[in-house]
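Peer 1: Going by full-length UniProt numbering, the first residue of the sequence shown is number 1, and it counts up by one from there.
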Amino acid sequence: MSALRTRLDELIAQTDLEVSEKQREQLVGYVELLDKWNKAYNLTSVRDPLEMLVKHILDSIIVSTHLPGERFIDVGTGPGLPGIPLAIMNPEKTFFLLDSLGKRIRFLKQVVHALGLKNVTPIQSRVEEFQPEEKFDGVLSRAFASMTDMVEWCHHLPKQDSGVFLALKGQHPKDEIDQLPEWCSVTEIISLAVPELEGDRHLVILSRKEN
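(1) From LEU197 to VAL54, what distance separates their C-alpha atoms?
(2) Would you mind working out which of GLU188, MET150, ILE190 sits nearest GLN179, comparing C-alpha positions?
(3) Could you give the distance in angstroms between the alpha-carbon of GLY170 and the alpha-carbon of CYS154?
(4) Contact defined as beta carbons within less than 8 angstroms: I believe CYS184 pairs with LEU203. What is the distance between those atoms, to the nearest angstrom?
(5) Ignoring anything shorter than 3 residues, give me the beta strand (DSSP E) runs that lie fully in the segment 47-125, in order along the chain.
(6) Take the Cβ of PRO181 as the centre, count every other Cβ of all protein chains shown within 10 Å, and call the residue buried at 16 or more, exposed below.
(7) Distance check for ALA143 and HIS73, CA to CA, integer angstroms please.
(8) With a 10 Å radius around its C-beta and 16 neighbouring C-beta atoms as the bar for buried, classify GLN131 as buried or exposed.
(9) Considering only the beta carbon of each residue, do LEU81 and HIS56 sit closer than 7 angstroms?
(10) Give me the Cβ distance between GLY83 and THR77, rounded to the nearest whole Å; I'm assuming they're in contact under 8 angstroms.
(11) Taking 8 angstroms as the threshold, find out whether the segment 85-98 comes into contact with the segment 110-120 through three or more Cβ pairs.
(12) Is it true that the CB of ARG7 sits closer than 7 angstroms to the CB of LEU43?
(13) State the Cα-Cα distance for the pair VAL194 and LEU98, rounded to the nearest angstrom.
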């Protein structure tokens, strides 16, 4: 068993997540691809694959049990975070991964092909220009923008009555919450425990206020 797989198993054991053998192999495969492509494409500032397991994989999959609905878009996905790990964890849900940079989308298409991910669609577009045929149950964001920018740039993406914004944040973002536009409200703030990650992590769930 590889050092990456051993380390991943140790980290998952510190959570309540149920992760199958196939999912563990796919998560390790993703880190291996990210490490390989990162050398040429500069996809992440995290250079150590073992560190990627904590800062990228666990930090993404820890929200896996908090995804309402079946159809999601990860805006400003970068190298596929949190979209790829969440798609691996939720093969029954559909994920669209949006980024404006071609090199990131090329990488994501390679990941989708190499890992056999049937539920992931990478899309190259600026978020404000992307007009989906069907709206989303959840709009995901991790290290993308302030929550105000997120909801204003992505206001056209969630389903009108039931769609939500899901913002992965570090410390409790009180200042950002205070600056949210009038039409948007905080539904829930979930404190997340990411094994061996320094600092706080929170998932902020936002929705349109009912008229």
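Glycine residues also receive a C-beta, built at the ideal position from the N, C-alpha and C atoms. None of these values were measured; they are calculated from a predicted model.
Peer 2: Straight from the coordinates:
(1) As a working note, residue 197 is residue 197 in the sequence shown. As a working note, residue 54 is residue 54 in the sequence shown. Answer to the nearest angstrom: the Cα atoms are 6 angstroms apart.
(2) Residue numbering aside, residue 179 sits at position 179 when the sequence shown is read from its first letter. Of the listed residues, the one whose Cα sits closest to GLN179 is MET150.
(3) As a first step, residue 170 must be located in the sequence shown, where it is residue number 170. As a first step, residue 154 must be located in the sequence shown, where it is residue number 154. The straight-line gap from Cα to Cα measures roughly 21 angstroms.
(4) Your numbering for residue 184 matches position 184 in the sequence shown. Your numbering for residue 203 matches position 203 in the sequence shown. Contact doesn't hold; Cβ gap of about 16 angstroms is too wide.
(5) 71-75, 94-99, 120-124
(6) Within the sequence shown, numbered from 1, the residue matching residue 181 stands at position 181. Classification for PRO181: exposed.
(7) The residue labelled residue 73 in the question sits at position 73 within the sequence shown. The residue labelled residue 143 in the question sits at position 143 within the sequence shown. What sits at residue 73 in the sequence shown is Ile, not His. Each residue's alpha carbon lies about 15 angstroms from the other.
(8) Residue numbering aside, residue 131 sits at position 131 when the sequence shown is read from its first letter. Exposed, because fewer than 16 other Cβ atoms sit within 10 Å of the Cβ of GLN131.
(9) Locating residue 81 in the sequence shown gives position 81, counting from the first residue. Locating residue 56 in the sequence shown gives position 56, counting from the first residue. Contact: yes.
(10) By one-based count along the sequence shown, residue 83 stands at place 83. By one-based count along the sequence shown, residue 77 stands at place 77. Between THR77 and GLY83 the Cβ distance is about 5 angstroms, and since that is below 8 angstroms, they are a contact.
(11) yes
(12) As a first step, residue 43 is located in the sequence shown; it is residue number 43 there, counting from the start. As a first step, residue 7 is located in the sequence shown; it is residue number 7 there, counting from the start. Cβ atoms of LEU43 and ARG7: not closer than 7 angstroms.
(13) Looking up residue 194 in the sequence shown gives position 194. Looking up residue 98 in the sequence shown gives position 98. Cα-Cα distance, rounded: 25 angstroms.
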